[in-house]
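Its first residue numbered -10, the sequence shown is counted upward by one per residue in the working numbering. Just so it is clear, CB atoms sit at the ideal spot from N, CA and C, and this is done for glycine as well. Data first, discussion second: the structure below is written as structure tokens.
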Amino acid sequence: MEPVPAALIGRAFTVADAASAGVGRRALQGPRFATVHRGVFRAVGTPATLDLRVRGALLVLPDDAALSHQTALVWSGYDGLPDDPLHFSTASGTRIDRPGIVLHRRQFRLRSAFVHGVPVLDPARTFVDVATDVDDRELLRIGDWLVRQGFVDLLDLRAFAIAEHLDGVQRARRVAPLVRERVDSVRESDVRWIVWSSGLPMPEPNAGIFADAGIHIANGDLVYERWKVLVEHDGWHHERDAGQRQRDHLRRERIESLGWRVIVITAEDFADESQIAWRVYNALAERGYRGARPRCVR
């Protein structure tokens, strides 16, 4: 069996690319090659990674095609969404029917930027677009993440959702006001969603905690300054070394000495999310909160 030409190893290529390397159309159906997309191939020793699939798709898509929807997020580093099928958007009239590729046709010129060498639709548009595929809770995670990573300014995200009239905009308008800056993890987004959807006030993420003299003591994960209640997500309890555990212990003691009520949420607590809402409610009620009791967490 002849070796695969070096020019075809480690990348996706078209029939024309193969012909330029001396490989005919019939040979592409043999054991040395595999199909990435219809009309796009790889050497069998080249892994079919997301990178290869995306770059291979761009070989047969319109020139203005850009990653969009959930694929734009996955490509940019967001975890938790599927990478199949691949979503692209185009303003051209070209129709592409290939398994594993969804091509969304847009009416106006697209705003995109290169991420890892691939055009990706702008983040505010992606926030609205992906709202057609995810629920409110996941969309809050996505919005928090986009802002935290610096892909989009919080006010720009909200303004886009208000101004545009696109598929998904109703959900985007509902969730955008809940998005915050400085959210460090998906679990912090989840806790905020749990308490808010149960009818409790929304805590502020990573807000400062100060002594009476105005001395900064710490930043809290989720802060209710009015009631001096702090909700901390402890996602690394079993992985921190003894020194870090001791520092965390002393930090919490210091916060509590200032009169704060500290609630620690661990991974196990998410097995019954309603009890998270009730623990927060009870702490707030102890400090004078007079709002309604938590309703069923959605």
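- If only uninterrupted beta strand (DSSP E) runs of at least 3 residues are considered, those enclosed by the segment 171 to 253 are 193 to 199, 205 to 213, 218 to 222.
- By alpha-carbon distance to Thr79, the top candidate from Ser57, Ser187, Pro71 is Ser57.
- From the listed residues Ile198, Arg169, Val164, Ala266, the smallest Cα separation to Leu189 is found for Ala266.
- Shown here, Val(-7) sits in coil according to DSSP, grouped into three states, outside any helix or strand.
- Distance check between Ala150 and each of Trp134, Val117, Val180, Gly139 places Val117 closest, using alpha-carbon atoms only.
- The C-alpha of Gly34 lies about 15 Å from the C-alpha of Gln18.
- Proximity to Phe77 across Arg160, Asn271, Arg42 peaks at Arg42, based on C-alpha coordinates.
- Classified as buried, Arg130 has 16 or more neighbouring CB atoms from the shown chains inside 10 Å of its CB.
- Annotated three-state conformation of Ala113 is helix, per DSSP.
- A residue is called buried once 16 or more other Cβ atoms fall within 10 Å of its Cβ, and Phe140 is buried on that count.
- With contacts defined as CB atoms closer than 8 Å, Val107 and Trp64 qualify as a contacting pair.
- Beta-bridge partners assigned by DSSP to Ile(-2): none are found.
- Taking 8 Å as the cut-off, the Cβ atoms of Leu62 and Leu70 count as close.
- In the DSSP assignment, Leu146 is bridged to no other residue.
- Relative to Leu47, the option among Arg126, Val164, Ile90 whose CA is nearest is Ile90.
- In the DSSP assignment, the residues bridged to Phe77 are Leu56, Leu92.
- 8 Å or more divides the Cβ of Val269 from the Cβ of Leu219.
- Measuring C-alpha to C-alpha distances from Glu262 to each of Ala1, Glu170, Val123, Ile183 identifies Ile183 as the nearest.
- When the Cα atoms are used, Gly232 and Leu239 turn out to be separated by approximately 11 Å.
- Secondary structure at Ala102: strand, using DSSP grouped into helix, strand and coil.
- For Val43, the uninterrupted alpha helix (DSSP H) segment begins and ends at 39 to 47.
- According to the DSSP secondary-structure assignment, Thr24 is paired through a beta bridge with Phe30.
- In this structure, the CA atom of Trp216 is about 16 Å from the CA atom of Asn208.
- In this structure, His26 lies near Arg87, with their beta-carbon atoms less than 8 Å apart.
- CA-CA distance, Trp134 to Asp122, rounds to 17 Å.
- DSSP places Val141 in the coil class of the three-state scheme, outside both helix and strand.
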